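Each remark here refers to the structure printed beneath this line.
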Amino acid sequence: MSQGRRYIGKRVKRKEDPRFITGRGLYVDDIKLPGMVYAAFLRASYAHARIKSIDTSKAEKMPGVVGVYTGEYFKDKVAPLTTAWALANADLKPVFWPVVAHDKVRFTGDIVAVVVAEDPYTAYDALEAIDVEYEPLPVVVDVEEAIKPGAPQLHDEAPGNIAFKWRFSGGESFDKVAEKADVVIKQRMVNQRLIPSAMETRGAVASFNRGLEELTLWVTSQNPHVHRLVLSGVLGLPEHKIRVIAPDVGGGFGSKIPVYPGEVIVSRLAMDLGVPVKWVETRRENFVGTIHGRDHVEYVEAAATRDGRLLGVRVKTLANMGAYLSTAAPGVPTILFGLMLQGPYKIESVDVEVLGVLTNTTPVDAYRGAGRPEATYILERVMDLVARKLGLDPAEVRRRNLIEEAPYTTVTGLVYDSGRYKEVFEKALQIAEYEKWREEQMKARQEGRLIGIGISSYIEMCGLAPSRIARATGFGLGLYESVTIRVHPTGKVSVYTGSHPHGQGEETSFAQIVAEELGVPVEDVEIIHGDTDETPFGLGTYGSRTTPVGGGAVALAARRIREKARKIAAALLEAREEDVVFSEGKFHVKGHPEKSVSFQEVALEAYLADKLPEGLEPGLEATTFYDPENFVFPYGTHVCIVEVDRDTWKPKILRYVAVDDAGVIINPMLAEGQVHGGVVQGIAQALFEYAVYDESGNLLTAGFNDYMIPTAKDLPNIESYFVETPSPHNPLGAKGIGETGTIASTPAVVNAVLDALAHLGVEHIDMPLTPHNIWKALKDKGVVK
Numbered sequence: 001m002s003q004g005r006r007y008i009g010k011r012v013k014r015k016e017d018p019r020f021i022t023g024r025g026l027y028v029d030d031i032k033l034p035g036m037v038y039a040a041f042l043r044a045s046y047a048h049a050r051i052k053s054i055d056t057s058k059a060e061k062m063p064g065v066v067g068v069y070t071g072e073y074f075k076d077k078v079a080p081l082t083t084a085w086a087l088a089n090a091d092l093k094p095v096f097w098p099v100v101a102h103d104k105v106r107f108t109g110d111i112v113a114v115v116v117a118e119d120p121y122t123a124y125d126a127l128e129a130i131d132v133e134y135e136p137l138p139v140v141v142d143v144e145e146a147i148k149p150g151a152p153q154l155h156d157e158a159p160g161n162i163a164f165k166w167r168f169s170g171g172e173s174f175d176k177v178a179e180k181a182d183v184v185i186k187q188r189m190v191n192q193r194l195i196p197s198a199m200e201t202r203g204a205v206a207s208f209n210r211g212l213e214e215l216t217l218w219v220t221s222q223n224p225h226v227h228r229l230v231l232s233g234v235l236g237l238p239e240h241k242i243r244v245i246a247p248d249v250g251g252g253f254g255s256k257i258p259v260y261p262g263e264v265i266v267s268r269l270a271m272d273l274g275v276p277v278k279w280v281e282t283r284r285e286n287f288v289g290t291i292h293g294r295d296h297v298e299y300v301e302a303a304a305t306r307d308g309r310l311l312g313v314r315v316k317t318l319a320n321m322g323a324y325l326s327t328a329a330p331g332v333p334t335i336l337f338g339l340m341l342q343g344p345y346k347i348e349s350v351d352v353e354v355l356g357v358l359t360n361t362t363p364v365d366a367y368r369g370a371g372r373p374e375a376t377y378i379l380e381r382v383m384d385l386v387a388r389k390l391g392l393d394p395a396e397v398r399r400r401n402l403i404e405e406a407p408y409t410t411v412t413g414l415v416y417d418s419g420r421y422k423e424v425f426e427k428a429l430q431i432a433e434y435e436k437w438r439e440e441q442m443k444a445r446q447e448g449r450l451i452g453i454g455i456s457s458y459i460e461m462c463g464l465a466p467s468r469i470a471r472a473t474g475f476g477l478g479l480y481e482s483v484t485i486r487v488h489p490t491g492k493v494s495v496y497t498g499s500h501p502h503g504q505g506e507e508t509s510f511a512q513i514v515a516e517e518l519g520v521p522v523e524d525v526e527i528i529h530g531d532t533d534e535t536p537f538g539l540g541t542y543g544s545r546t547t548p549v550g551g552g553a554v555a556l557a558a559r560r561i562r563e564k565a566r567k568i569a570a571a572l573l574e575a576r577e578e579d580v581v582f583s584e585g586k587f588h589v590k591g592h593p594e595k596s597v598s599f600q601e602v603a604l605e606a607y608l609a610d611k612l613p614e615g616l617e618p619g620l621e622a623t624t625f626y627d628p629e630n631f632v633f634p635y636g637t638h639v640c641i642v643e644v645d646r647d648t649w650k651p652k653i654l655r656y657v658a659v660d661d662a663g664v665i666i667n668p669m670l671a672e673g674q675v676h677g678g679v680v681q682g683i684a685q686a687l688f689e690y691a692v693y694d695e696s697g698n699l700l701t702a703g704f705n706d707y708m709i710p711t712a713k714d715l716p717n718i719e720s721y722f723v724e725t726p727s728p729h730n731p732l733g734a735k736g737i738g739e740t741g742t743i744a745s746t747p748a749v750v751n752a753v754l755d756a757l758a759h760l761g762v763e764h765i766d767m768p769l770t771p772h773n774i775w776k777a778l779k780d781k782g783v784v785k
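The end of the sequence shown is residue 785 by the UniProt record's numbering, with every number in the run present.
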């Protein structure tokens, strides 16, 4: 895999780990500034209500309280938050998120008052002294109920609680392919609401220099430059007067993409009070006020021939948007979902309709995979349902439908870049010993044991980048990425990137790319990120874009530096530029390796400048803004084997095999870590996690006592393998790996559990497949009492 490469493809240890494991990481909560005060937020007591009055007098009189501020204070000082993805041709309604509610609350995470105090404990104590009088209004938390006539209305601007309606059809009409089908499958499916639950909650520290009229904001962000851009509009402060710093970030999974009311509030108060203001989210606030993910109800139809060939799919999706449209929310259940409903299969028709539905719940936005897991889940369940209906092996149904060539143009208009789809599929089955497990399954059934084998073949659109496509879909920005690389006179290298890591190992992988291109040691490369004053404008980290787009920018900038260095080396070697070659960190004359100069010697001369070729400027640095022409498309097949305990109905994963093609792998150790983490989150959705609201709109799963995330004892050994088919869509040949595990694993696990129960008459169970839900499905079939 790494043949001919010195650094790319090597298992280099993470450069960033020493500071983390020795407690030297710098997170938002570590920021302490002179004179700093602390903010705390009073959130709504009702999921839907009018605010009749707010009495803050008791709180204002408490010792240590600096001030108490309500929506009336903020409504003329800051603009409401709006979505950045104004979908084209979807009749998107102007549903705004108020920074502090001043007339009405629409979910229990709405902020109704802010206390600022000399310490956080006083601030939180003072919240208890605020008296808010509400007029409760009817509540709706279920998408199917929300669109019924007479349902409670959240926004006057969105009649019927419909924030948008998006339609897409590709290929032949579904009705036409259904006419020639031998079987049409219909199934209602639910992709339940999930809570991202990053290790670090959100937070912000704002400091305002009144003399210079400059705001500095430290914030938990996956995209600090976008944060600065949005804050400029919301606060009415010129962008060049705002500095956003995202220090070390303890996980995001998409939840730290949006701009939230919290960072706007502390920024405005720092401007008004003239002292630094800090707010760090409690875990309960994180559950209630930070975006959630998924939450679709889907009505699925699939047409197939009697030999298992899938002709088309039609999907109507009710996508729960929550109370407001968050930053990227409208694009997740539409563009990122609908365009992927062909998957890795030869399908003649894809028809999808998505209603963005507003409810009295926490807003929903991108969560690891963002639309792609939902699409893959539908297709992989369909594959098993078709196999079941026709009495075919689920592996054989997939084999008959898999794409065989690349590049491949889908009926949804995407161009898959490269791949060996069937080879990867067969490799996964072989490694997992699929046929052997089928034999074991039959023996187990005779013994009364329940063993199931689940398969998931996926492909995902990632490396989110092409600006022309992003803008055409209504996204508010282009999606390029940027980097500045500066080589110092010593040959050491500084890389200033618009990407921002929150666990991916970017400081290591980007250093490996630079080391490969310039022949310098990895330890000589420093990666600088997260500071809008230090780095060029970039769009951040999400959508598995860090390596293909951010890393692509790094590779291109490094190559520009290498070409300039070649000119300098030619002058030093007194040779023609075309006769100078670069190998293993040295420039030498072709055919005369003994006649050479090191990269470090060239770097020094770039600054001494006395022997530079005529017309060449001193220095050795380059800035690149990289905007790829297309997405990249990692794909793979995952196989899961489970056994369901007949006494407890609890599924246990016996084996999990993942075979993925993510193009050129920069660091296999990092890639394996991404796959492992993604698979764990997919298993979590399949078997454990589910956000639950009561009929009054209260989140019942508002902490880890109730919201069940898996622990190490719940998880299997994850066997991860890679096949490398370089992508032609970026200079590295990389495809992205951060979301593949999440996308593939959920249906693999669900299919395995349902396969274990198939002979008992159970065809489908909505996630999560908890022991209770399995027992209930069997009870409904009369299998158990």
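C-beta atoms are modelled at their ideal positions from N, C-alpha and C, and glycine is treated no differently. Quantities reported herein were computed from a predicted structural model and do not represent experimental measurements.
- For the pair of segments examined, the region 457-466 was found to touch the region 538-546: the number of CB pairs separated by less than 8 Å reaches three.
- The Cβ-Cβ distance between T541 and E16 does not fall below 8 Å.
- Note that the region 38-51 touches the region 275-282; at least 3 beta-carbon pairs, one per stretch, sit closer than 8 Å.
- In this structure N360 touches A47 by the C-beta definition: roughly 4 Å separates them, less than 8 Å.
- The count of Cβ pairs closer than 8 Å, one atom from the region 20-32 and one from the region 218-232, reaches three, so the stretches are in contact.
- For W97, there is no enclosing beta strand (DSSP E), as DSSP gives it neither H nor E.
- Per DSSP, the beta-bridge partners of I185 are A302.
- Secondary structure note for S169: its beta strand (DSSP E) is the uninterrupted segment I162 to G171.
- Here G308 has V386, A387, L390, L392, E396, V397, R400 and N401 as same chain residues with Cβ atoms under 8 Å from its own Cβ, once five neighbours each way along the sequence are excluded.
- In the same chain as K58, and ignoring 5 residues on each side of it, the C-beta atoms closer than 6 Å to its own belong to A129, in chain order.
- Per the DSSP secondary-structure output, L42 pairs in a beta bridge with A113.
- Judged by DSSP secondary structure, D755 falls within the alpha helix (DSSP H) whose first and last residues are T740 to L757.
- Between G171 and V411, the C-beta spacing is below 8 Å.
- In this structure V177 is in contact with L311, their Cβ atoms being roughly 4 Å apart against a cut-off of 8 Å.
- Shown here, S467 sits in a helix according to DSSP, grouped into three states.
- Assigned with DSSP and collapsed to three states, Q342 falls in coil, not helix or strand.
- Counting the other CB atoms within 10 Å of its CB gives F704 a total below 16, which places it among the exposed residues.
- Inter-residue distance for Y721 and T740 is about 12 Å (C-alpha atoms, whole angstroms).
- Counting only residues of its own chain and dropping the five nearest sequence neighbours on each side, V288 has a CB closer than 7 Å to the CB of R43, T108, G109, T362, L699 and A702.
- Rounded to the nearest whole angstrom, the C-alpha separation of I485 and E516 is 14 Å.
- Going by DSSP, G636 is part of the beta strand (DSSP E) stretching over Y635 to V644.
- Nearest C-alpha to G519 among T70, V364, Q600 and S349: Q600.
- At least 8 Å separates the beta-carbon of D91 from that of I51.
- With distances taken between CA atoms, A113 lies nearest to G67 out of L318, I513, G67 and G452.
- If you look at I485, you'll find it in the beta strand (DSSP E) that goes E481 to V487.
- In this structure, the alpha-carbon of E157 lies about 34 Å from that of P768.
- Counting of Cβ neighbours within 10 angstroms places M189 among the buried residues, the total reaching 16 or more.
- Straight-line spacing of the CA atoms in T82 and F174 works out to 35 Å.
- Here H592 is bridged, per DSSP, to V589.
- Comparing alpha carbon positions, the residue from H225, G682 and V249 closest to H240 is H225.
- Contact between the region 68-82 and the region 138-151 is not established, with fewer than three Cβ pairs separated by less than 8 Å.
- Distance between E213 and R471, taken at the CA atoms: about 33 Å.
- If the five residues before and after Q441 are omitted, its C-beta is found closer than 6 Å to the C-beta atoms of I451, all from its own chain and listed in chain order.
- Scanning I665, A658, G678 and T490 for the CA closest to the CA of E724 turns up I665.
- According to the DSSP assignment, M199 belongs to no beta strand (DSSP E), since it is labelled neither H nor E.
- Sequence-distant partners of P489 (beyond 5 residues in either direction) whose C-beta falls short of 7 Å from its own C-beta, in its chain, are A603, L604 and Y607.
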